[in-house]
Amino acid sequence: MGLNYYQIKKNVLKARKLVIKGTTAAGSGHPGGSFSMAEIMGCLFYKHLRYDIKNPEWDGRDKLILSKGHASPGLFSNMAVSGYFDESKMETLRQFGTTLQGHPDLKCPGVEFCGGSLGIGLSYSIGNALAARLDGKDTRIFTVMGDGETDEGQVWEAAMTAAKYKIDNLTVFLDRNFIQQDSYTEKIMPLDEHLESDELSEMWKDASRWKTGDKWRSFGWNVIEVDGHRIEQISNAITRAKSIKGLPTIIIARTIKGKAVEHMEDNPQWHGKAAKPEFVPIIEEELESQFMISPSIIAGDMTHLENEVKRCVDGRADYIHLDVMDGQFVPNTTFDNEKIKELRPLTVIPFDTHLMINEPVKHVKDYIDAGSDIITVHTEVCDESSFGEIYDILKSSQVGVGLAINPDTDLPTWSEKFISSLDQIIVMSVVPGKSGQTFIESSHEKIQKLAQNLKEHKFDGYIEADGGVTLDNVGACFTDGARAFVGGSAIIGQNDVRVVIREFRNKILRSRRKLLIQKANELGGTDLVNKWIDLHVVGKKKDELLQISQELGYQ
Amino acid sequence: MSTDILGDMRTEYGKSLVELGEQDKNIVVLGADTTDSLKTASFGKKFPERFFNVGIAEANLVSVAAGLAYSGKTSFASTYAIFLPGRCVDQIRNAIAYPSRGDKKGLDVKLVVSHGGLTVGADGGSHQQLEDIAIMRAIPNMRVLIPADSTAVSKLTWTIAQQYGPFYMRMARSKVPIIHNESQEFEIGKGITLRDGSDCTIAACGITVKLALDAAEKLKQEGISCRVIDCFSVKPIDKEILENAARETGAIVTCEEHNILGGFGSAVSEVISETYPVPIRRIGAQDMFGESARDNEIPELLEKHGITSVNIANMAKEIRSKK
Numbered sequence: 002m003g004l005n006y007y008q009i010k011k012n013v014l015k016a017r018k019l020v021i022k023g024t025t026a027a028g029s030g031h032p033g034g035s036f037s038m039a040e041i042m043g044c045l046f047y048k049h050l051r052y053d054i055k056n057p058e059w060d061g062r063d064k065l066i067l068s069k070g071h072a073s074p075g076l077f078s079n080m081a082v083s084g085y086f087d088e089s090k091m092e093t094l095r096q097f098g099t100t101l102q103g104h105p106d107l108k109c110p111g112v113e114f115c116g117g118s119l120g121i122g123l124s125y126s127i128g129n130a131l132a133a134r135l136d137g138k139d140t141r142i143f144t145v146m147g148d149g150e151t152d153e154g155q156v157w158e159a160a161m162t163a164a165k166y167k168i169d170n171l172t173v174f175l176d177r178n179f180i181q182q183d184s185y186t187e188k189i190m191p192l193d194e195h196l197e198s199d200e201l202s203e204m205w206k207d208a209s210r211w212k213t214g215d216k217w218r219s220f221g222w223n224v225i226e227v228d229g230h231r232i233e234q235i236s237n238a239i240t241r242a243k244s245i246k247g248l249p250t251i252i253i254a255r256t257i258k259g260k261a262v263e264h265m266e267d268n269p270q271w272h273g274k275a276a277k278p279e280f281v282p283i284i285e286e287e288l289e290s291q292f293m294i295s296p297s298i299i300a301g302d303m304t305h306l307e308n309e310v311k312r313c314v315d316g317r318a319d320y321i322h323l324d325v326m327d328g329q330f331v332p333n334t335t336f337d338n339e340k341i342k343e344l345r346p347l348t349v350i351p352f353d354t355h356l357m358i359n360e361p362v363k364h365v366k367d368y369i370d371a372g373s374d375i376i377t378v379h380t381e382v383c384d385e386s387s388f389g390e391i392y393d394i395l396k397s398s399q400v401g402v403g404l405a406i407n408p409d410t411d412l413p414t415w416s417e418k419f420i421s422s423l424d425q426i427i428v429m430s431v432v433p434g435k436s437g438q439t440f441i442e443s444s445h446e447k448i449q450k451l452a453q454n455l456k457e458h459k460f461d462g463y464i465e466a467d468g469g470v471t472l473d474n475v476g477a478c479f480t481d482g483a484r485a486f487v488g489g490s491a492i493i494g495q496n497d498v499r500v501v502i503r504e505f506r507n508k509i510l511r512s513r514r515k516l517l518i519q520k521a522n523e524l525g526g527t528d529l530v531n532k533w534i535d536l537h538v539v540g541k542k543k544d545e546l547l548q549i550s551q552e553l554g555y556q
Numbered sequence: 007m008s009t010d011i012l013g014d015m016r017t018e019y020g021k022s023l024v025e026l027g028e029q030d031k032n033i034v035v036l037g038a039d040t041t042d043s044l045k046t047a048s049f050g051k052k053f054p055e056r057f058f059n060v061g062i063a064e065a066n067l068v069s070v071a072a073g074l075a076y077s078g079k080t081s082f083a084s085t086y087a088i089f090l091p092g093r094c095v096d097q098i099r100n101a102i103a104y105p106s107r108g109d110k111k112g113l114d115v116k117l118v119v120s121h122g123g124l125t126v127g128a129d130g131g132s133h134q135q136l137e138d139i140a141i142m143r144a145i146p147n148m149r150v151l152i153p154a155d156s157t158a159v160s161k162l163t164w165t166i167a168q169q170y171g172p173f174y175m176r177m178a179r180s181k182v183p184i185i186h187n188e189s190q191e192f193e194i195g196k197g198i199t200l201r202d203g204s205d206c207t208i209a210a211c212g213i214t215v216k217l218a219l220d221a222a223e224k225l226k227q228e229g230i231s232c233r234v235i236d237c238f239s240v241k242p243i244d245k246e247i248l249e250n251a252a253r254e255t256g257a258i259v260t261c262e263e264h265n266i267l268g269g270f271g272s273a274v275s276e277v278i279s280e281t282y283p284v285p286i287r288r289i290g291a292q293d294m295f296g297e298s299a300r301d302n303e304i305p306e307l308l309e310k311h312g313i314t315s316v317n318i319a320n321m322a323k324e325i326r327s328k329k
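If you read the protein sequences in the order shown, they are chains R and C. According to the numbering used here, the first sequence is numbered sequentially starting from 2. According to the numbering used here, the second sequence is numbered sequentially starting from 7.
Written out as structure tokens, the structure reads:
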């Protein structure tokens, strides 16, 4: 428990794969709502929820109540990853005789609520919260509700009750994925406003039209709104909710139904349908191909780094790359831990601290204290012993561990023993030291080889391409195997960071779509390629997929 | 007849809860804006921190009670019969009766209601719950008790507090004649033979037990020996006492303040048809709703549905001829 950002992310990925495994084996189930709450579950299971897999009825535990019980695969998969039972058990989902029932059931040790009939879980959670208060326990109750679920009148009976009794040992999540069984929530029973067309995106973008939070506020609740796929936002919201006394808290998590599998995303069809077995390897590849954009703020105005951080926030960066240069390992000097400490309160976006300094082992503690979420050090200034020391300090502080290599350096042999538990490997695609250099072309081949090699060594972190990454080469870097992308002048150097980050994502998405089509072709030829493309019915994804497929000569 | 001593079921229930609350701090009581009427408010005065009035929100009432029970409390949730099984059978089924772990079948929630049946009177058909036995009996893990008087209520409140798991207990609105001695024992799943007889049996529950006793007295004057059984435990039902009655008296009249479809009469018929089939007649609402009747008119309302001692006696005589 209490894992760092990267470990949570890795576990969320494992859990998503298990959701597919279980529902496909069962031939039915609810992947859509399991995926929309995947990051919420990840933050609970791997950071905030107190539990004991060996003693599921441990008196000191918190209680997780999955009120939207149809998303049971999303619960069971995390229970498997946590070790309540073996991961292979997911294949018994919905099977006769299993404890992994179609909806969560007390038959399965660790499950706290028999979900299934919607609208009951909040009242039940209040009962548990009141009992904890009577017993003087510091138990926390975490409840996850669906947005469609709140059509149920009982939810609002419970909402009033929680406010009346000032239930502050309860944190509720509303998985606001905008889709219920029949269609979009705003068409069936609007929580924000009635939707006439199928075009959700306009409403999604316009926060002034969201009224769900107002409903809860008017019922006397503390309301926190977050992006429900951002681990750092969810985690921060949970921490804030704990500190609120005298009223209940609901975290309204804006999510995407089917998140992380493009053809399931925002598609009401995937509320309650399992993927066909033939698509599973492609879906797994897609799940493993999540990516992150990490703008490097030194490419901006060094005298107003606060402002550069704010631009990253506005641009919805996945994390913020902080290049620390000491004037020794590299000729330039940028900033140190004191500056990072000043920047930390500005955002919860993870800080991706890249130490281009000599003797990092002497300083790593300072950068942990400054609030880094991951710290990457250079192999050129480490040996097995000093990196071992850094590794231990970072691991014990729940900070991600990264290793960086310069253009003319390969991973040293001593690093092999660490590879399987590293969170990130930075491949410098320019000579480090200053911003604005051109991408060294041979880096493509280097990343490709490295990706292959790391796979063999069971690396499950991210390869980060750093230096000269632009809109022109980011897609190729993805194809090479990079999954995190540092953008200096190509992002921070641009006027509209938000637009350029979106363009970066689109470029990468195109490469990913190509990768998946190639995978489909490899597995089942044109027939499977076309079936795969046909799954993508929402938005304009299908057009691009067809175009890619034609370019590849599959049509 | 007019010398009957009357007892108020709700008052006894409220008193027992307070006594229980003093002994066991795990007892919690929940209400839905009917706590004065149900006489649970006195528990609330004594133990305010263990008393929850959730307003007019029965589905919520039942589910909050379930949550408290899951966390180790013994929950008593009370309101009128029409609003509990009638309004929230889903929550009762899925949040209370269904959740089971190991030997613990269902959660430790006691649903104790008042205003069961036609004798609600003036409030009318919308408030006269005639389907609750049928609904609750069909839910696995749920036990159904229909006590006949305030003595039974008092003792059964203690009994169900001490036995783990879900119970449904229905009380009447009005004061009812006390028919049980203070020393009477009430065991879940056991009927009580109040009067022995050999020519036929009247099996009754709730307020109709008194009518059954009156009918038996009438029949005695006509030379007919009639056995009377108080089947307060409708589920689990006492198969043995019923089978013996069938074997020894050869005919059974059932009596309940409930629809004859799916209710107590149905339960008895199921047992008898599978053990020792004999003729049975079921007295109760004949698949009809009730209607308003002022207190002094309630006998007329009952008469319209055939729930009288005279009708019970007539049925007993008729059924004897079918033996």
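Note that the Cβ used here is the ideal one computed from N, Cα and C, for glycine as well.
With respect to residue 144(C), residue 185(C) sits apart: the two C-beta atoms are not nearer than 8 Å.
Taking a contact as a CB-CB distance under 8 Å, the pair residue 70(R) and residue 105(R) counts as one, their CB atoms being some 5 Å apart. Residue 158(R) belongs to the set of residues whose beta carbon lies under 8 Å from a beta carbon in chain C. By the neighbour-count criterion, in which 16 or more other beta carbons inside 10 Å mark a residue as buried, residue 11(C) falls on the exposed side. DSSP places residue 59(C) in the strand class (E or B) of the three-state scheme. Under the three-state reduction of DSSP output, residue 425(R) falls in the strand class. At least 8 Å separates the CB of residue 220(C) from every CB of chain R.
Taking the Cβ atoms as the reference, residue 278(R) lies roughly 38 Å from residue 488(R), outside the contact range of under 8 Å. A contact between stretches requires three or more CB pairs, one per stretch, nearer than 8 Å, and the stretch 335-355 of chain R meets this requirement with the stretch 369-383 of chain R. Under the 10 Å beta carbon count, residue 149(C) is surrounded by 16 or more other beta carbons and is classified as buried. The beta strand (DSSP E) runs lying completely inside the stretch 29-86 of chain C and spanning 3 residues or more are 33-37, 57-59, 80-86, given in chain order. Along the stretch 126-139 of chain R, going in chain order, the ones with a CB nearer than 8 Å to a CB of chain C are 126, 127, 128, 129, 130, 131, 132, 133, 135, 136. Residue 29(C) has a beta carbon lying at 8 Å or more from every beta carbon in chain R. Shown here for residue 430(R): same chain residues with a beta carbon closer than 6 Å to its own, the five before and five after excluded, namely 440, 441, 444, 466, 468, 469 in chain order.
By the rule that beta-carbons nearer than 8 Å mark a contact, residue 66(C) touches chain R. Residue contact check for residue 149(R) against chain C: no CB pair falls below 8 Å. Under the three-state reduction of DSSP output, residue 313(R) falls in the helix class.
What residue 121(R) touches in chain C, judged by beta-carbon distance under 7 Å, is 69, 97, 100, 101, going in chain order. The beta carbon of residue 143(R) is closer than 6 Å to those of 45, 65, 172 in its chain, skipping five residues each way along the sequence. Note on residue 195(R): under 16 other CB atoms within 10 angstroms of its CB, so exposed under the neighbour-count rule.
Secondary structure of residue 305(C) (DSSP, three-state): helix. The secondary-structure analysis by DSSP pairs residue 175(C) across a beta bridge with 118(C), 151(C). Taking 4 residues as the shortest admissible run, the stretch 364-416 of chain R contains the following complete alpha helix (DSSP H) segments, listed from N- to C-terminal end: 385-397.
Here DSSP, grouped into helix, strand and coil, assigns residue 270(C) to helix. In its chain, beyond the 5 residues on either side, 179, 196, 199, 201, 269 have a beta carbon closer than 8 Å to the beta carbon of residue 185(R). Less than 8 Å separates the beta-carbon of residue 211(C) from that of residue 240(C). Listed in chain order, the positions of the stretch 52-64 of chain C with a beta carbon within less than 8 Å of a beta carbon of chain R are 55, 56, 58, 60, 61, 63. Every alpha helix (DSSP H) stretch that sits fully inside the stretch 258-326 of chain R and reaches 4 residues is listed by chain position as 281-289, 306-315. Bridge pairing for residue 177(R): 255(R) [DSSP]. Ranked by Cα distance from residue 282(C), the first of 303(C), 256(C), 266(C) is 256(C).
Cβ neighbours of residue 41(C) within its own chain (closer than 6 Å, five residues either side excluded): 47, 59. Residue 425(R) and residue 59(R) have their alpha carbons spaced roughly 36 Å apart. Separation of residue 505(R) and residue 318(R) (C-alpha to C-alpha, rounded to the nearest whole angstrom) is 11 Å. Between residue 120(C) and residue 43(C), the C-beta gap is smaller than 8 Å, which places the two residues in contact.
Residues of chain C whose Cβ lies closer than 7 Å to the Cβ of residue 117(R) are, in chain order, 100.
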